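Engineer: Before anything else, here's the structure in question.
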Amino acid sequence: MSFKDKVALITGASRGIGKAIAMELAHMGTSIAFISKNPIHVEQTEKMLQNLGIRTKGYALDISEISQLKKTIDDILKEFGQIDFLVNNAGKTEDRLLLRMSEADWDSVMDTNLKASFFMIKFVGKHFLSRNYGKIINISSISGLTGIPGQANYAASKAGLIGLTKTVAKELGPRGITCNAICPGFIETDMTQHLSLERKEKILKEIPLGRFGKAEEVAKLAVFLLGPGGDYITGQSFIIDGGLLA
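Residue numbering for the sequence shown follows my numbering, beginning at 13 and increasing consecutively.
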């Protein structure tokens, strides 16, 4: 299989893990369509990917706006003619202790992290079914496996992604479509930069490898699953956490 004749659709590709996955695939010649919320970041990421010599186009959209999501996917299909890989990476946090968490805090995180991923799979899945081919990766988190104080909404959304992954694998598997989840631990991204030095030191003591992961390391796992090595893997959740949950 050649990555050069494939098209990947990635959400949240303008930073962190999503950007790293886009870059890794771009280096292999994959065409990249991506959705990110910030128009300035979309423009910057598009130029960066174009400099690698691939076909790419970014779409500025808040993926929680479901009414606009299908139109955007239709536009992507018109532009690229196909989608082979779907990476649901976009996510957000609104951290608060359970008793202080508002309905808006809950809904905002669930809408972006889980609801939007469901509809991305639903809309793109129809295209996959028409071709009897497609690979889906949902970026979950170890939070969805263990729970983290102050992240009831985030942990629930990421746990939901794991359940969604298993169901999609069973429903679409008979048509040659795979769906897997990646559950990163503490990765050096914008989401972990806000952690206090004291909190970071405490976490590092619990990680056998003694460091935070790199977005590029998560990207390499994603590319493996999207490549021939992942052809017989579906419905699985892959932990990449430096041994934190060992």
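Quick reminder that beta carbons are idealized off the backbone N, C-alpha and C, glycines included.
Model, not experiment: these values are computed from the prediction.
1. Report all residues from its chain with a CB closer than 7 Å to the CB of Ile194; omit the five preceding and five following residues, and keep chain order.
2. Where do the N-terminal and C-terminal ends of the beta strand (DSSP E) with Pro196 fall, by residue?
3. Kindly provide the ranges of any beta strand (DSSP E) runs that are 3 or more residues long and lie completely inside the stretch 15 to 45, ordered along the chain.
4. Enumerate in chain order the residues of its own chain whose CB-to-CB distance from Ile22 is below 7 Å, with the five nearest sequence positions on each side excluded.
5. Are Leu61 and Phe131 closer than 8 Å when you measure CB to CB?
6. Is there contact between the stretch 57 to 72 and the stretch 193 to 208, where contact requires at least three CB pairs shorter than 8 Å?
7. From Ser76 to Gly146, what does the alpha carbon distance come to, in whole angstroms?
8. Answer yes or no: do Leu238 and Phe97 have a C-beta to C-beta separation smaller than 8 Å?
9. On a Cα-Cα basis, can you pick out the residue from Asp17, Ser48 and Ile88 that is closest to Lys104?
10. Taking just the CA atoms, how far does Ile160 sit from Ser142?
11. According to DSSP, simplified to helix, strand and coil, what is Thr68?
12. Does at least one heavy atom of the ligand SAM sit under 7 Å from the Cβ of Leu64?
13. Residues in the same chain with beta-carbon distance under 7 Å from Phe92, minus the five sequence neighbours each way, listed in chain order, please.
14. Answer with buried or exposed for Gly65, where buried requires no fewer than 16 other C-beta atoms within 10 angstroms of its C-beta.
15. So Ser249 is in the beta strand (DSSP E); what residue range does that whole segment cover?
16. Following the continuous beta strand (DSSP E) through Leu98, name the residue where it begins and the one where it ends.
17. When the Cα of Ile88 is compared with those of Glu36, Thr68 and Ile189, which residue comes out closest?
18. Is Tyr287 buried or exposed, if buried means 16 or more other CB atoms sit within 10 Å of its CB?
19. At which residues does the alpha helix (DSSP H) containing Gly146 begin and terminate?
20. Quick check on Glu183: buried or exposed, where buried means 16 or more other Cβ atoms within 10 Å of its Cβ?
21. Using C-beta distances below 7 Å, list every residue in its chain close to Ser155, excluding the 5 sequence neighbours before and after it, in chain order.
22. Is the beta carbon of Gly254 less than 8 Å from the beta carbon of Leu207?
23. Please report whether the beta-carbon of Gln205 lies at a distance below 8 Å from any beta-carbon of chain B.
Structural biologist: In short, the structure shows the following:
1. Result list for Ile194: Ile149, Ile151, Ser152, Val230, Leu233, Ala234, Phe250 and Ile252, in chain order.
2. Unbroken beta strand (DSSP E) run through Pro196: Ile189 to Pro196.
3. Runs of the beta strand (DSSP E) lying entirely within the stretch 15 to 45, each at least 3 residues long, are 19 to 23 in chain order.
4. The answer, listed in chain order, is Gly30, Ile33, Ala34, Ile44, Phe46, Val99 and Asn101.
5. no
6. no
7. Cα-Cα distance, rounded: 23 Å.
8. Their beta carbons are under 8 Å apart, which means Leu238 touches Phe97 by this criterion.
9. Of Asp17, Ser48 and Ile88, the residue nearest in Cα terms is Ser48.
10. Rounded to the nearest angstrom, the two C-alpha atoms are 40 Å apart.
11. strand
12. With respect to the ligand SAM, the structure shown offers nothing to examine, as it has no ligands at all.
13. If you ignore the 5 residues before and after Phe92, its C-beta comes within less than 7 Å of the C-beta of Val19, Ser43 and Ala45, all in its own chain and listed in chain order.
14. exposed
15. Ser249 to Ile252
16. Phe97 to Asn100
17. Thr68
18. In the structure as shown, the chain begins at 13 and stops at 258. Residue 287 is therefore absent and cannot be evaluated.
19. Gly146 -> not in any alpha helix (DSSP H); beta strand (DSSP E) instead, spanning Gly146 to Ile151.
20. exposed
21. Gln163, Tyr166, Ala167 and Lys170
22. Not in contact: Gly254 and Leu207 (Cβ atoms no closer than 8 Å).
23. Looking at the structure shown, chain B is missing, and only one protein chain is on hand.
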